[in-house]
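Comments concern the structure below.
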């Protein structure tokens, strides 16, 4: 019995060490990405992947890097897919599905011209995406929680009001970054600095936005 207890304590300590290491790797990767060192950031994010549902957020960050910074829809699709597999009801799920549709079009366009992607790789990707869509369709019959519907109505109201006022307000959700918020409103992550400057007095740490914070979104010129 003492031996069993010792094993449990050891396993618990190992889990904490792995979690601490992954958290450190992700923070360092976030910093490298903010500095523009995207390849280094990718290496650090990939080192933090452990196949658990908690790593879905890391797959999302990798997908955005490949999509926005590396112009690599093939790898972006792979990580978007992994996000949905690990966390199909995650806060970024709807956004990920939209990105996947866009990247599938971009990838199809590249395959029709001069492409370095082999036919076998393209076929594998199409099969993976087909399987993913089936998984998504199978799960889409579940009723959406009332909170999600309420959030959706609030989002629609915000969009309607923003069209009238010129500038927007947005309430930060768990997992949001300045880049992802920029992408929501401008279809590009490049305007994250504009959002930061418009909310300079509200944002204490640009790399760690607090959920519930209301931001002013500059108009889309």
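Numbering (the working numbering), first residue to last: 12 to 232.
Glycine included, each C-beta is placed from N, C-alpha and C at the ideal position.
Keep in mind that this is a model prediction, so the values were computed, not measured.
State the CB to CB distance for the pair residue i and residue j, rounded to an integer number of angstroms; the pair is presumed to be in contact (CB under 8 Å).
i, j, result
"residue 214", "residue 180", "About 14 Å; that fails the 8 Å criterion."
"residue 52", "residue 44", "4 Å"
"residue 94", "residue 71", "5 Å"
"residue 78", "residue 114", "7 Å"
"residue 76", "residue 111", "Their Cβ separation, rounded to whole angstroms, is 16 Å, which puts residue 76 and residue 111 out of contact at 8 Å."
Taking the beta carbon of residue i as the centre, do at least 16 other beta carbons fall within 10 Å, making it buried, or is it exposed?
i, result
"residue 105", "exposed"
"residue 222", "exposed"
"residue 92", "buried"
"residue 97", "buried"
"residue 54", "exposed"
"residue 68", "buried"
"residue 244", "The structure shown does not extend to residue 244, since the chain is modelled only from 12 to 232, so the question has no answer here."
"residue 230", "exposed"
"residue 31", "exposed"
Tell me which same chain residues have a C-beta within less than 7 Å of the C-beta of residue i, skipping the five on either side of it?
i, result
"residue 173", "Reliability fails at residue 173, whose pLDDT of 45 lies under 50, so the model's placement of it is uncertain and the value that follows must be treated cautiously. Correct list, in chain order: 179."
"residue 217", "189 and 207"
"residue 102", "184, 185 and 186"
"residue 33", "59 and 61"
"residue 81", "49"
"residue 153", "Its pLDDT being 47, under 50, residue 153 is placed unreliably by the model, and nothing is read from it."
Would you kindly report the start and end of the unbroken alpha helix (DSSP H) that includes residue i?
i, result
"residue 214", "Neither: residue 214 is in no alpha helix (DSSP H) and is coded neither H nor E."
"residue 89", "84-97"
"residue 54", "49-58"
"residue 68", "67-75"
First and last residue of the beta strand (DSSP E) that includes residue i?
i, result
"residue 226", "225-228"
Quick one: what's got a C-beta closer than 8 Å to residue i's C-beta in the same chain, skipping five residues either side?
i, result
"residue 36", "55, 56, 58 and 59"
"residue 64", "97 and 98"
"residue 193", "199, 200, 201, 202, 203, 205 and 206"
"residue 210", "226 and 227"
"residue 10", "As shown, the chain starts at 12 and ends at 232. That puts residue 10 outside it, with no answer to give."
Kindly say whether residue i, judged by its beta-carbon, lies nearer than 8 Å to any beta-carbon of chain B.
i, result
"residue 35", "This model lacks chain B altogether; it includes just one protein chain."
By Cβ distance, which residues of its chain are closer than 6 Å to residue i, with the 5 residues on each side in sequence left out?
i, result
"residue 117", "84"
"residue 182", "225"
"residue 90", "70, 73 and 74"
"residue 220", "183 and 187"
"residue 66", "60"
"residue 41", "218"
"residue 196", "228"
Is residue i near the ligand HEM, in the sense that its beta carbon is under 7 Å from a heavy atom of that ligand?
i, result
"residue 109", "Absent from the structure shown: the ligand HEM. Ligands present: none."
With a floor of 3 residues, list each beta strand (DSSP E) that falls wholly inside the segment 176-205, ordered by position along the chain. Whole beta strand (DSSP E) segments, 3+ residues: 179-182.
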